[in-house]
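Visitor: One structure, pasted below without further comment.
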Amino acid sequence: MWRNRDVDDFIAWLSKHNATLPMDKRVRFQGLDIYSMFNSIAEVLTYLDAHDPAASRLARRRYACLAPWSNEPAAYGREALSHGHALCEEPVTWVLVDLLTRELSQARRDGDTFFDAVQNARVVAGAERYYRVMYYGSADSWNLRDGHMFQTLKQIMTHVGPDARAVVWAHNSHIGDARFTDMGVNRGELNIGQLCREEWGRGAALIGFGTHSGSVACASDWDGPMEIKAVRPSHPDSHEAICHAAGGDRFLLDLRPGTDDALRAAMAEPRLERYIGVIYRPETERWSHYSHAILSEQYDGYVWFDRTQAVVPMPAEPVPGEEETFPFGL
Numbered sequence: 005m006w007r008n009r010d011v012d013d014f015i016a017w018l019s020k021h022n023a024t025l026p027m028d029k030r031v032r033f034q035g036l037d038i039y040s041m042f043n044s045i046a047e048v049l050t051y052l053d054a055h056d057p058a059a060s061r062l063a064r065r066r067y068a069c070l071a072p073w074s075n076e077p078a079a080y081g082r083e084a085l086s087h088g089h090a091l092c093e094e095p096v097t098w099v100l101v102d103l104l105t106r107e108l109s110q111a112r113r114d115g116d117t118f119f120d121a122v123q124n125a126r127v128v129a130g131a132e133r134y135y136r137v138m139y140y141g142s143a144d145s146w147n148l149r150d151g152h153m154f155q156t157l158k159q160i161m162t163h164v165g166p167d168a169r170a171v172v173w174a175h176n177s178h179i180g181d182a183r184f185t186d187m188g189v190n191r192g193e194l195n196i197g198q199l200c201r202e203e204w205g206r207g208a209a210l211i212g213f214g215t216h217s218g219s220v221a222c223a224s225d226w227d228g229p230m231e232i233k234a235v236r237p238s239h240p241d242s243h244e245a246i247c248h249a250a251g252g253d254r255f256l257l258d259l260r261p262g263t264d265d266a267l268r269a270a271m272a273e274p275r276l277e278r279y280i281g282v283i284y285r286p287e288t289e290r291w292s293h294y295s296h297a298i299l300s301e302q303y304d305g306y307v308w309f310d311r312t313q314a315v316v317p318m319p320a321e322p323v324p325g326e327e328e329t330f331p332f333g334l
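Using my numbering, you'd call the opening residue of the sequence shown number 5 and step up by one each time.
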């Protein structure tokens, strides 16, 4: 998702941009999601190794509860479900609690380094809950994940200061206000876009993206190999089909209230909207990737590219010198 040429080019540009600015004016690039449980464990332990070796040894013992599932975190949820209780909830929560008790003194001394350690401990605690809840098959796991992302966003902005502004890059299903989609109306799911709208009103701009056809880097199943697939032309009853019929390779629909009432009214009819994520199954596209949405309420702006192409992945680079037991080795 992130290890591709476009992100690499952006980070290279951002590095040059930041080099001309003082530290307090530089743009940060940070993650919000919970799919980094074991990387986050490593970051917490690295911080504690440098600042409190005794606490690091205790944290290692607590996090060791998760070690059997380091290669397949989702399997932890199956195991916890079969045992009927949260196997590792208490020990991973105590690592976070211990860090938070240091917050006042450590934050003044270590600043961003301590903040990053706390945020990584939050990721571990959130991921532990997420992998348990996902096996119940309800909206709870989705809501837990997007709630975590929203709380992380708020914590980052609070840490940066009252003038902080953020650009959140996520899939349409996370960004568009869920209350105006099937996911919110029929499935009881919320998302970070809805939570931002409820928190900041029109101070948050929700921007979606759409395409008619092209190619996409995806998989056919979870944990499946990456493939490049052709994106089928948009469904005739979809918002995408209307945009395609309008003509033009690319444009922006400004859907903010008071900007273009006729446009908002035209896009206020519930229509199909396509969602292509990590998984793409064109053979069942209508039922796998479309659901109804009111575009003019879901987004403040909708960016259209009539034809798009798949991202180009960067090669994976192994971390030299990393032991098999990392980060649990004592």
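Glycine included, each C-beta is placed from N, C-alpha and C at the ideal position. Only a predicted model underlies this, so the values are computations on that prediction, with no experimental measurement involved.
My understanding is that P26 touches R66, with C-beta atoms under 8 Å, so please give their C-beta distance in whole angstroms.
Guide: At roughly 39 Å, the Cβ-Cβ gap does not stay under 8 Å, so P26 and R66 are not in contact.
Visitor: Excluding the 5 residues flanking V122 on each side, which residues of the same chain have their C-beta closer than 8 Å to its C-beta?
Guide: These residues qualify, in order along the chain: L100, L103, L104 and E107.
Visitor: Can you name the residues that DSSP bridges to E202?
Guide: DSSP, once it has assigned bridges, lists no residue as partnering E202.
Visitor: My understanding is that A46 touches L52, with C-beta atoms under 8 Å, so please give their C-beta distance in whole angstroms.
Guide: About 11 Å; that fails the 8 Å criterion.
Visitor: Curious, which full-length alpha helix (DSSP H) runs of at least 4 residues does the stretch 102-172 contain?
Guide: If we require 4 residues or more, the alpha helix (DSSP H) runs fully inside the stretch 102-172 come out as 107-114, 116-137 and 144-164.
Visitor: Would you list the one or two residues that DSSP bridges to V235?
Guide: V235 pairs with G218.
Visitor: Of the residues N190, C200, K158 and R169, which one's Cα is nearest the Cα of H178?
Guide: The residue with the shortest Cα to Cα distance from H178 is C200.
Visitor: Give a yes or no on whether the C-beta atoms belonging to S219 and R278 are separated by under 9 Å.
Guide: Not closer than 9 Å, so no.
Visitor: Flag this pair as touching only if the stretch 155-164 and the stretch 133-144 have three or more C-beta atom pairs under 8 Å; answer yes or no.
Guide: Because the criterion of three Cβ pairs below 8 Å is not met, the stretch 155-164 and the stretch 133-144 do not touch.
Visitor: Can you check DSSP and say which residues form a bridge with H296?
Guide: Answer is L276, bridged to H296.
Visitor: Leaving aside the five residues before and after P324 along the sequence, list all residues of the same chain whose C-beta is less than 6 Å from its C-beta, in chain order.
Guide: Legend: pLDDT at P324 = 47, less than 50; position of this residue unreliable, value from coordinates given subsequently. Counting only Cβ-Cβ distances below 6 Å, and skipping sequence neighbours, we find nothing.
Visitor: With a cut-off of 8 Å on the beta carbons, I'd call I2 and Q34 a contact; round off their distance for me.
Guide: The requested residue 2 does not occur in the structure, where the chain is confined to residues 5 to 334.
Visitor: Taking Cβ to Cβ, would you say A131 is nearer than 9 Å to S44?
Guide: Yes; because the gap between Cβ atoms is below 9 Å, this pair is in contact.
Visitor: Using C-beta distances below 7 Å, list every residue in its chain close to S145, excluding the 5 sequence neighbours before and after it, in chain order.
Guide: So the qualifying residues of the chain are Y134, V137 and M138.
Visitor: Tell me, please, which residues DSSP counts as bridged to V307.
Guide: V307 pairs with F213 and L256.
Visitor: In terms of residue numbering, what span does the alpha helix (DSSP H) encompassing H243 cover?
Guide: Where H243 is concerned, the enclosing alpha helix (DSSP H) stretches over H243 to A250.
Visitor: Assuming the contact rule is C-beta atoms closer than 8 Å, H216 and D116 should be a hit. Round their C-beta distance to whole Å, please.
Guide: Rounded, the Cβ-Cβ distance is 43 Å, inconsistent with contact.
Visitor: Could you have a look at I45 and say whether DSSP puts it in helix, strand or coil?
Guide: Helix.
Visitor: Return helix, strand or coil for P317, following the three-state DSSP convention.
Guide: P317: strand per DSSP, three-state reduction.
Visitor: Going by DSSP in three states, G15 sits in which element: helix, strand or coil?
Guide: The sequence as given places Ile at residue 15; Gly does not occur at that position. The answer is helix: DSSP assigns I15 an H, G or I state.
Visitor: Per DSSP, A223 forms a beta bridge with which residues?
Guide: Answer is I283, bridged to A223.
Visitor: Work out the CA separation of G281 and W226 for me, nearest whole Å.
Guide: The alpha-carbon atoms of W226 and G281 are separated by roughly 11 Å.
Visitor: Please report the residue range of the alpha helix (DSSP H) in which G188 lies.
Guide: Per DSSP, G188 belongs to the alpha helix (DSSP H) from D186 to V189.
Visitor: Leaving out the 5 sequence neighbours to the left and right, which residues in its chain are closer than 6 Å to G81 when beta-carbon positions are compared?
Guide: So the list reads Y135, R136, M138 and Y139, once near-sequence residues are dropped.
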